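In my numbering, the protein residues as written are 14 to 349.
We put the CB at the ideal spot given by N, CA and C, even for glycine.
Keep in mind that this is a model prediction, so the values were computed, not measured.
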Amino acid sequence: MIKLGVLDQVLVPEGKTATEGLQQSTRLIQAVEELGYSRFWVSEHHSMRALAFSSPEVLIAHLAAATSRIRVGSGGIMLPHYSAYKVAENFRLLEALHPNRIDLGLGRAPGGMPLATRALQQDKYVDVNKYPQQVQDIIGYLHGSMPAGHPFEKLLAAPAISTAPEIWLLGSSGESARIAARLGTSYAFAEFFGTPGGEEAMQHYNEHFKSNNVLQNHPRSIIATIVICAETEEEANRLAMSSDLLFLGIQTGLEVPFLPSVQTAADYPYTEQDRHHILQTRQRRVIGTPEQVKKQLLLMSKEYNVGEILINSPIYDEKARIHSYRLIADAFGMSV
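Set out below in structure tokens:
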């Protein structure tokens, strides 16, 4: 049976504050840990009012301290903004505090609008083509495996510990899969982005994976997708209306500064073009009863040849959201 994990973007529900959104995420990770979910990742996005945070490493520290077993990680750190050395130090500290529970997911997307990128990279020249080298440097820092002659060969990424976070490269394209295969890292594909060629990217990763004695000797992959589950198909579709409006705003450039309530989404004056966008977006989501969701997730795991799926459930009502994860866990017979 496949493993199931969670991807949380920590949305701010309509009528709630960012603090309340963060509190909901804390309760969510505690609930899914008890349900037997494998890992819990948080994303990095900047200057977006609908999201409650933008610093995954800080939130990871809090979430890991609030739990005891579930793996906690970044999905992911947008590496071109930062020093590889500092990222390695941050995640080594997290690993020291929570041994064998930390995942370091790395991406190269900006994670925000151009103005946010300019602020993050102020007074720096950033070449995204150096991303693979940055990843290699992080591997070297975390595992004490810097090659001879590297300018930072003798540098310690404190604290000095015997374990290391799992390293995952994130992406939604064939290029990210090629980098992960060449460097011998684990690979996570953002299926919910709807980028064509996902199955081919995963196939390339599996077929061209180069064994890395420092990290692992076999490919390991995950896909992340959006899932909304309820007892009835009608209720699942009703709950999905909140994210319909949220994603419509992202597609059309209309900022929706919160996760709308179902009522707000129902009252919105959609145009025919809006409804077309929503229908297209829904094709990239899994919405239905526990049996329908299980069937679709098993099919996706076969299509992508993965043994684990991360579930993102942007549901407005907190109880309904946790219940969605519970229904899915029950359908898969999960237990701690």
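DSSP three-state assignment for residue i, whether helix, strand or coil
{"i": "K29", "result": "coil"}
{"i": "L168", "result": "coil"}
{"i": "A203", "result": "strand"}
{"i": "G301", "result": "strand"}
{"i": "I15", "result": "coil"}
{"i": "H231", "result": "coil"}
{"i": "G193", "result": "For the sequence presented, residue 193 should be read as Ala rather than Gly. Note: A193 maps to helix in three-state DSSP."}
{"i": "M91", "result": "strand"}
{"i": "N3", "result": "Outside the displayed span of the chain (14 to 349) sits residue 3, for which this structure offers no information."}
{"i": "V45", "result": "helix"}
{"i": "E331", "result": "helix"}
{"i": "H290", "result": "helix"}
{"i": "I115", "result": "strand"}
{"i": "N325", "result": "strand"}
{"i": "F53", "result": "strand"}
{"i": "E244", "result": "coil"}
{"i": "T238", "result": "strand"}
{"i": "R121", "result": "coil"}
{"i": "G210", "result": "coil"}
{"i": "G266", "result": "coil"}
{"i": "H59", "result": "strand"}
{"i": "R82", "result": "coil"}
{"i": "G153", "result": "helix"}
{"i": "G162", "result": "coil"}
Assigned exposure category for residue i - 16 Cβ within 10 Å defines buried
{"i": "V299", "result": "buried"}
{"i": "T245", "result": "exposed"}
{"i": "P127", "result": "exposed"}
{"i": "Y144", "result": "buried"}
{"i": "A132", "result": "exposed"}
{"i": "M14", "result": "exposed"}
{"i": "H111", "result": "buried"}
{"i": "Q37", "result": "buried"}
{"i": "S56", "result": "buried"}
{"i": "F104", "result": "buried"}
{"i": "F165", "result": "exposed"}
Between the CA atoms of residue j and residue i - distance to the nearest angstrom
{"i": "A77", "j": "Q286", "result": "43 Å"}
{"i": "H163", "j": "L169", "result": "13 Å"}
{"i": "Y200", "j": "M215", "result": "8 Å"}
{"i": "A253", "j": "N226", "result": "44 Å"}
{"i": "A279", "j": "G301", "result": "19 Å"}
{"i": "F271", "j": "M159", "result": "44 Å"}
{"i": "V45", "j": "I324", "result": "11 Å"}
{"i": "L261", "j": "V85", "result": "30 Å"}
{"i": "Q264", "j": "F206", "result": "11 Å"}
{"i": "K16", "j": "D136", "result": "43 Å"}
{"i": "S337", "j": "E268", "result": "27 Å"}
{"i": "Q229", "j": "A193", "result": "12 Å"}
{"i": "V275", "j": "F53", "result": "26 Å"}
{"i": "D343", "j": "A97", "result": "40 Å"}
{"i": "L306", "j": "K315", "result": "Reading the sequence as shown, one finds Val at residue 306 and not Leu. For V306 and K315, the distance between alpha carbons rounds to 14 Å."}
{"i": "Y218", "j": "G320", "result": "14 Å"}
{"i": "D116", "j": "Q293", "result": "32 Å"}
{"i": "T130", "j": "A122", "result": "10 Å"}
{"i": "K223", "j": "R233", "result": "12 Å"}
{"i": "L312", "j": "Y138", "result": "44 Å"}
{"i": "R295", "j": "T284", "result": "17 Å"}
Integer-rounded CB distance, given that residue j should sit under 8 Å from residue i
{"i": "T176", "j": "E204", "result": "Their Cβ separation, rounded to whole angstroms, is 30 Å, which puts T176 and E204 out of contact at 8 Å."}
{"i": "S67", "j": "H59", "result": "5 Å"}
{"i": "E80", "j": "Q43", "result": "One point to set straight first is that residue 80 is Thr, not Glu, in the sequence displayed. About 6 Å separates the two Cβ atoms, so the contact holds."}
{"i": "I83", "j": "P69", "result": "With 8 Å as the limit, I83 and P69 do not qualify as a contact, their Cβ atoms being about 16 Å apart."}
{"i": "L48", "j": "M347", "result": "6 Å"}
Within 8 Å, strictly: CB atoms of residue i and residue j
{"i": "L92", "j": "G120", "result": "yes"}
{"i": "L196", "j": "Q149", "result": "yes"}
{"i": "G118", "j": "G88", "result": "yes"}
{"i": "I291", "j": "D257", "result": "yes"}
{"i": "L24", "j": "L72", "result": "no"}
{"i": "I322", "j": "I235", "result": "yes"}
{"i": "L351", "j": "P172", "result": "Here the chain comprises residues numbered 14 to 349, so residue 351 is not present and cannot be evaluated."}
{"i": "S189", "j": "T208", "result": "no"}
{"i": "P303", "j": "L340", "result": "yes"}
{"i": "F202", "j": "Y317", "result": "yes"}
{"i": "T277", "j": "E102", "result": "no"}
{"i": "I151", "j": "I180", "result": "yes"}
{"i": "S255", "j": "P178", "result": "no"}
{"i": "R334", "j": "L41", "result": "yes"}
{"i": "L183", "j": "T198", "result": "no"}
8 Å Cβ cutoff, residue i in contact with chain D
{"i": "A190", "result": "No chain D is present in this structure, which holds just one protein chain."}
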